[in-house]
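Undergrad: Would you mind keeping the following structure in view while I ask a few things?
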């Protein structure tokens, strides 16, 4: 087994969300820094996020391919394989190139229910050199699980990933 960094688990001591992100993001950056394979880097990123946040029911990437979002590395239940741009929260975030935070997915027009138990969602676009390359999608079984803290931290993480792996 090749491992560029000896990291069998995350070192998280924080209990507040903002502090947890401050501990987690550098660990993810270190974990994927020397990884040349984009899929491997995205896979470990999803695993780290899912491990650090028990409130996340699903976390994964959709990558832009031939004009649609195609499921990439993820942690959680089976996912929708392809999402058209402008469909659901992922398609809307991709088209607008803006993070979308949804407190109640049932109230979002056109929400795609891959997992009927999902109650809230955040989707962050991945932009590399001015071009959309995909989105990070995170769901929760709790209503209003995501807030401005998640938005800022996940946007920072996605910017780092886009800059280093796309």
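Residue numbers (the working numbering): 21 to 186.
Virtual Cβ for every residue (Gly too), placed ideally from N, Cα, C.
1. How close, in whole Å, do the beta carbons of residue 45 and residue 183 come, if the pair is a contact with beta carbons under 8 Å?
2. Which ranges does the alpha helix (DSSP H) cover as unbroken runs of at least 4 residues, wholly within the region 98-165, from first to last along the chain?
3. Using C-beta distances below 8 Å, list every residue in its chain close to residue 87, excluding the 5 sequence neighbours before and after it, in chain order.
4. Closest to residue 181 by CA distance: which of 31, 41, 147, 157 is it?
5. Among the candidates 75, 153, 149, whose CA atom is the shortest distance from the CA of residue 113?
6. What is the C-beta distance between residue 169 and residue 70, in whole angstroms, given that I count them as a contact (C-beta under 8 Å)?
7. Evaluate residue 133 with the Cβ neighbour count: other Cβ atoms within 10 Å of its Cβ, from every protein chain shown; 16 or more gives buried, anything less gives exposed.
8. Just list the residues that DSSP pairs residue 215 with in beta bridges.
9. Could you please give the first and the last residue of the uninterrupted alpha helix (DSSP H) stretch that includes residue 42?
10. What are the boundary residues of the alpha helix (DSSP H) that includes residue 177?
11. What does the Cβ neighbour count give for residue 77, buried or exposed, with the cut at 16 atoms within 10 Å?
TA: According to the structure shown:
1. Wrong, their Cβ atoms sit about 13 Å apart, outside the cutoff.
2. 108-116
3. 105
4. 147
5. 153
6. Wrong, their Cβ atoms sit about 18 Å apart, outside the cutoff.
7. exposed
8. In this structure the chain extends from 21 to 186, so residue 215 is not present and cannot be described.
9. 37-52
10. 168-185
11. buried
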